[in-house]
Amino acid sequence: MSMAFLVAEMMQQLQFILLLYAGFLEELGVYVVSLDRPGYGESDPHPTRTVESLALDVEELGDQLGLGPKFYVIGLSMGGQAVWGCLKYIPHRLAGASLLAPAINYWWPSFPANLSKEGLSSQLPQDQWALRVAHHLPWLTYWWNTQKFFPPVSILAGRPEILSSQDIEIIRSHEGLPVDQKYVRQQGEFESLHRDLMVGFGKWEFDPMLLENIFPKNEGSIHLWQGDDDKLVPVKLQRYIAQKLPWIHYHELSGAGHLFVSTRKMSEEIVRSLLVQ
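Set out below in structure tokens:
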């Protein structure tokens, strides 16, 4: 039986995806597991969480569930940090991996200064400041996103400007699906969303653009999917990452925003690309 280990960006997106996959996953014989990152849902907070510790959490859960010596990982948005960590720290456990609109750390060393500056400048002013705080002054992250003098990071503020036209259509089409925000953030925003900001945009132990191909004999594949109308993740920087890592299969989606995975057609295509060698 093929197995896929799904690392979701947020619980509500996973609900969408599982509803979309339904019989499709059964048809392929794929076993899907969702990992709540520390501080989300019922997952215990991890105040000293790092990209490495998250990768080791993935490995430990895979072992506890008996997923076998190798499994697939899929990371959505902020879940990309888990996939990059798996590629770095547990490559021997991976059968394949997909990064779906993975969040980009503007301070990764391989980015040319002008490119990372351009990418950060393309974000809403409130996000530029929030990400700078998360990177340079992580201990101020909670205060920055809860004080009333300046707006918090746009995702917390619910700013509509971060949604593309396709994102808005997808959200409207999913209005009848169950979303339990209280479950997702039941342990507080500091150990979930704020901790994600500090880890994802903090000082990493490695540069993803210096990773080596873990499948030199094409025994597996790594994919990166990105919408060219994504308002949260600059496509220009994603293209640069793909150029630096030519062994990654890069898929740029015309007219797609940040939520493209929540459509049945795309979700099936993403899974098939991993399982079909």
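Be aware that the sequence shown starts at 51, since it is given in this note's numbering, and climbs by one per residue. We treat Cβ as the ideally placed atom computed from N, Cα and C, and that holds for glycine.
- With a 10 Å radius around the Cβ and a threshold of 16 neighbouring Cβ atoms, residue 286 comes out exposed.
- Taken in chain order, the unbroken stretches of alpha helix (DSSP H) that lie wholly in the segment 141-184 and span 4 residues or more are 163-171.
- With respect to residue 270, residue 310 sits apart: the two C-beta atoms are not nearer than 8 Å.
- 261 is the residue among 261, 319 and 129 whose C-alpha sits nearest the C-alpha of residue 141.
- Ranked by Cα distance from residue 201, the first of 181, 214, 217 and 185 is 181.
- Within the DSSP secondary-structure output, residue 302 pairs in a beta bridge with 276.
- Between the alpha carbons of residue 206 and residue 178 lies a distance of about 14 Å.
- Taken through DSSP and simplified to helix, strand or coil, residue 126 comes out as strand.
- With respect to the 8 Å criterion, residue 166 and residue 156 are classified as neighbours on the basis of their beta carbons.
- The Cβ atoms of residue 108 and residue 145 lie no closer than 8 Å to each other.
- The alpha helix (DSSP H) runs of length 4 or more contained entirely in the segment 244-268 are, from start to end of the chain, 245-250.
- In the three-state scheme derived from DSSP, where H, G and I count as helix and E and B as strand, residue 200 is classed as coil.
- Annotation for residue 170: 156 and 178 place their beta carbon closer than 6 Å to its own, counting only its chain and skipping 5 residues before and after.
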